[in-house]
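Novice: In the working numbering, the protein residues as written are 15 to 162.
Quick reminder that beta carbons are idealized off the backbone N, C-alpha and C, glycines included.
Fair warning: this is a prediction, and the values are worked out from it, not measured in the lab.
#1: Between which two residues does the beta strand (DSSP E) holding residue 83 run?
#2: When you compare the segment 90 to 106 with the segment 129 to 145, are there three or more beta-carbon pairs, one atom per stretch, that lie closer than 8 Å?
#3: Among residues of its own chain, excluding the 5 on either side of residue 140, which ones have a beta-carbon nearer than 8 Å to its beta-carbon?
#4: Ignoring anything shorter than 3 residues, give me the beta strand (DSSP E) runs that lie fully in the segment 103 to 161, in order along the chain.
#5: Relative to the alpha-carbon of residue 135, which residue among 157, 79, 122, 29 has its alpha-carbon at the smallest distance?
#6: Following a CB-centred definition, is residue 107 positioned closer than 8 Å to any heavy atom of the ligand NAP?
#7: Expressed to the nearest angstrom, what Euclidean distance is found between the alpha-carbon atoms of residue 60 and residue 72?
#8: With the cut-off set at 9 Å, would you say residue 101 and residue 81 are in Cβ contact?
#9: Pull up the distance between the alpha-carbon of residue 145 and that of residue 23, whole angstroms please.
#10: State buried or exposed for residue 98, treating a residue as buried only when at least 16 other CB atoms are found within 10 Å of its CB.
#11: Going by other Cβ atoms of all chains shown within 10 Å of its Cβ, with 16 needed for buried, is residue 63 buried or exposed?
#12: Would you decide whether residue 89 is buried or exposed? Buried here means 16 or more other CB atoms lie within 10 Å of its CB.
#13: Tell me which residue opens and which closes the beta strand (DSSP E) that residue 1 is part of.
#14: Please report the straight-line C-alpha distance between residue 150 and residue 156, rounded to a whole angstrom.
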């Protein structure tokens, strides 16, 4: 069981987010977990994802991607609610992780899958991102960008 740091709720070991309050959970085996704090925001954002005319800066170590759900307390860093009219994106669909100067894409067990440059990504399999990579969450496509 994983105890939520925000509300104390006991969650299943494979949970990425607290079932009670929606807080991000970190497993003890995650080497980056100890470095993550609530206000973990980069002062100089080096990467972003974009869709249509919207750019989402990736300023945290863990950047959540999905649809917002106030009823469930879910407010992702990359909120794709307005771009997902058919609700193919899960509330907690995927994340982009910053590790040093590298960025990784990870599906969090979404219902309709995630793709990197057209290739299906299995849950929990972190994929290294390169400038210009195409991310697809459900039916929604975004472009990953690194500032040069």
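Specialist: Looking at the atomic coordinates:
#1: Here residue 83 corresponds to residue number 69 of the chain shown, with the count starting at 1. Careful: residue 83 lies outside any beta strand (DSSP E) and carries neither H nor E.
#2: no
#3: Residue numbering aside, residue 140 sits at position 126 when the chain shown is read from its first letter. Correct list, in chain order: 111, 118, 119, 120.
#4: 108 to 113, 116 to 121, 128 to 130, 133 to 135, 148 to 151, 154 to 160
#5: Walking along the chain shown from the start, residue 135 turns up at place 121. For residue 135, the nearest C-alpha among the options comes from 122.
#6: For the ligand NAP, the structure offers nothing, since it holds no ligand at all.
#7: Position 46 of the chain shown, counted from the start, is the residue given in the question as residue 60. Position 58 of the chain shown, counted from the start, is the residue given in the question as residue 72. Each residue's alpha carbon lies about 7 Å from the other.
#8: The sequence position of residue 101 within the chain shown is 87, counting from 1. The sequence position of residue 81 within the chain shown is 67, counting from 1. Cβ atoms of residue 101 and residue 81: closer than 9 Å.
#9: Taking the first residue of the chain shown as 1, we reach residue 145 at position 131. Taking the first residue of the chain shown as 1, we reach residue 23 at position 9. In a straight line, the C-alpha of residue 145 is about 39 Å away from that of residue 23.
#10: In the chain shown, residue 98 corresponds to position 84, counting from 1. Result: buried.
#11: As a position in the chain shown, residue 63 is number 49, starting the count at 1. Flag for residue 63 reads buried.
#12: Position 75 of the chain shown, counted from the start, is the residue given in the question as residue 89. Per the 10 Å Cβ criterion, exposed.
#13: Residue coverage of the chain in this structure runs from 15 to 162, which leaves residue 1 outside it and unanswerable.
#14: Position 136 of the chain shown, counted from the first residue, corresponds to residue 150. Position 142 of the chain shown, counted from the first residue, corresponds to residue 156. If you take the alpha carbons of residue 150 and residue 156, they lie about 6 Å apart.
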